[in-house]
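Peer 1:
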Ligand SMILES: Cc1cc2nc3c(=O)[nH]c(=O)nc-3n(C[C@H](O)[C@H](O)[C@H](O)COP(=O)(O)O)c2cc1C
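Residue numbers (this note's numbering): 133 to 311.
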């Protein structure tokens with residue numbers, strides 16, 4: 133992505149408006165997004181590095197991993213922490229709330245794609261730490277489900293080619309039911 137080319141606010145608002153129309157069991161609307169643009173990306177990058185340093189035993193520490201945590205948030209103009217706000221009475225199973233947030237991310241990705249923006253979801257382990265939860269001002273029961281990157285392609289790059297095995301292997305027409 134071209135990290136210097138900003139995404140106009142109107143486009144970002146439309147993307148987030150569409151995120152807000154994900155399906156939601158019990159109308160709990162569990163999706164929350166903490167959006168980092170401009171200089172705040174640097175603060176996120178520093179927090180990720182510092183949390184990694186403080187939460188990784190010496191024998192498991194990888195300098196390459198830490199460098200990546202510090203570098204990645206600066207590779208896109210917009211990076212958002214995808215969060216789940218757990219409804220207070222917890223009537224809806226957690227898995228359904230996760231599904232709902234995932235649907236809202238898909239709305240984000242589809243809307244971004246429709247205007248020519250790239251999107252990428254990543255889930256560094258470090259997001260599960262209390263330090264990151266506090267940084268993102270999440271409640272005890274809330275979760276951070278990943279970071280979603282949005283940006284325009286660099287002018288000298290082509291959109292990466294998608295790679296999926298055929299859908300035919302993943303569906304079964306249940307005609308036998310009526311036999
Ligand atoms: C919930 C979720 C978490 C993901 N986490 C990572 C990740 O941490 N690192 C990574 O390289 N890809 C991760 N991916 C995969 C990428 O977002 C992306 O889907 C994959 O690279 C294939 O690219 P494409 O979807 O553009 O075809 C994740 C996908 C999902 C749905």
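Backbone N, C-alpha and C fix where the C-beta goes; we use that ideal spot for every residue, glycine too.
Quick check for students: name the residue ranges of the alpha helix (DSSP H) that lie wholly in the stretch 220-272, counting only runs of 4 or more.
Peer 2: Correct list: 226-246, 262-267.
Peer 1: Who are the near neighbours of residue 150 in its chain, counting only those whose CB is closer than 8 Å to its CB and skipping five residues on each side?
Peer 2: Once the five neighbours on either side are set aside, the close Cβ partners of residue 150 are 239, 240, 242, 243.
Peer 1: Residue 166 by DSSP, collapsed to three states: which one?
Peer 2: Strand at residue 166.
Peer 1: Would you identify the three-state DSSP class for residue 116, choosing helix, strand or coil?
Peer 2: Past the boundaries of the shown model lies residue 116; the chain is included only from 133 to 311, so the question cannot be answered.
Peer 1: Can you give the Cα-Cα distance for residue 152 and residue 191, rounded to whole angstroms?
Peer 2: Roughly 43 Å between the two C-alpha positions.
Peer 1: Taking DSSP as the reference, what is the three-state secondary structure of residue 280?
Peer 2: Correct three-state label for residue 280: strand.
Peer 1: Measure the beta-carbon distance from residue 165 to residue 133 and round it to whole angstroms, keeping in mind my assumption that it falls under 8 Å.
Peer 2: 18 Å between Cβ atoms; not a contact.
Peer 1: In whole angstroms, give me the CA-to-CA distance for residue 281 and residue 255.
Peer 2: Looking at the two C-alpha atoms, the distance is approximately 11 Å.
Peer 1: When the Cα of residue 198 is compared with those of 248, 307, 180, 210, which residue comes out closest?
Peer 2: Of the listed residues, the one whose Cα sits closest to residue 198 is 180.
Peer 1: For residue 207, tell me which candidate among 228, 138, 275 has the shortest Cα-Cα distance.
Peer 2: For the residues 228, 138, 275, the minimum Cα distance to residue 207 belongs to 138.
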